[in-house]
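Note sheet for the following structure.
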């Protein structure tokens with residue numbers, strides 16, 4: 013409460029949030045020291061009750077590019093030479109508490125993500141076809157004794 017020389021008084025209530033905690037960064041991918049050949053999946057979450065709506069998250073890539081406000085991003089490493097690199101993930105809340113994590117990864121173009129070839133796909137399809145035929149034969153064979161019994165009963169009458 014404030015009172016001036018004339019005896020006028022005024023009361024004002026102020027509420028504020030004392031935030032001294034930095035945002036919590038939980039990195040799902042990449043893992044420290046991970047080896048990649050083409051695409052590096054960057055996947056993380058940020059937890060803080062006091063995050064701004066915009067410009068809360070920054071990803072600094074080895075190319076110098078900064079990705080803003082994305083917690084899921086696929087980074088194409090095909091233009092990088094083989095070697096060790098790092099990404100830096102930073103988050104800042106409204107009270108300017110800053111959390112930063114740096115993750116090292118290795119680009120190795122001699123490893124490749126195994127993708128199914130046409131031969132493997134054909135083999136898989138053939139395998140399922142054979143299983144389907146086998147099941148069909150088993151079901152058909154189970155009806156043969158029933159058909160024989162029905163035929164014998166019909167002859168007796």
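In the numbering used here, the protein residues as written are 13 to 169.
Even glycine gets a Cβ: it sits at the ideal position worked out from N, Cα and C.
Label residue i either buried or exposed according to how many other C-beta atoms from any shown protein chain fall within 10 Å of its C-beta, with 16 as the threshold for buried.
i: residue 131; result: With a pLDDT of 49 at residue 131, under the threshold of 50, the modelled position of this residue cannot be trusted; read the value that follows with caution. Residue 131 comes out exposed.
i: residue 104; result: buried
i: residue 89; result: buried
i: residue 141; result: exposed
i: residue 33; result: exposed
i: residue 150; result: exposed
i: residue 68; result: buried
i: residue 29; result: exposed
Residues in its own chain within less than 8 Å of residue i by CB, not counting five upstream and five downstream?
i: residue 78; result: 70, 71 and 72
i: residue 120; result: 47, 48, 49 and 94
i: residue 91; result: 75
Among the options, which residue has its Cα nearest to the Cα of residue i?
i: residue 42; options: 123, 146 and 100; result: 100
i: residue 86; options: 141, 150 and 55; result: 55
i: residue 116; options: 83, 35, 63 and 39; result: 39
i: residue 31; options: 37, 61, 20 and 21; result: 61
i: residue 45; options: 118, 29 and 111; result: 118
i: residue 35; options: 20, 64 and 22; result: 64
i: residue 124; options: 51, 144 and 14; result: 51
In the DSSP assignment, what residue or residues form a beta bridge with residue i?
i: residue 22; result: 14
i: residue 28; result: For residue 28, which the question treats as bridged, DSSP gives no partner whatsoever.
Please classify residue i: does DSSP put it in a helix, a strand, or coil?
i: residue 138; result: helix
i: residue 12; result: Lying before the first or after the last residue shown, residue 12 is absent from the chain, which here runs from 13 to 169.
i: residue 103; result: strand
i: residue 148; result: helix
i: residue 90; result: coil
i: residue 41; result: strand
i: residue 131; result: Interpretation of residue 131 is limited by its pLDDT of 49, a score under 50 that renders its predicted location unreliable; the figure taken from the coordinates is listed afterwards. Looking at residue 131 - three-state DSSP - the assignment turns out to be helix.
i: residue 153; result: helix
Beta-carbon within less than 7 Å of residue i's beta-carbon, same chain only, minus the 5 sequence neighbours each way: which residues are those?
i: residue 15; result: 21
i: residue 96; result: 116 and 118
i: residue 113; result: 37, 39 and 101
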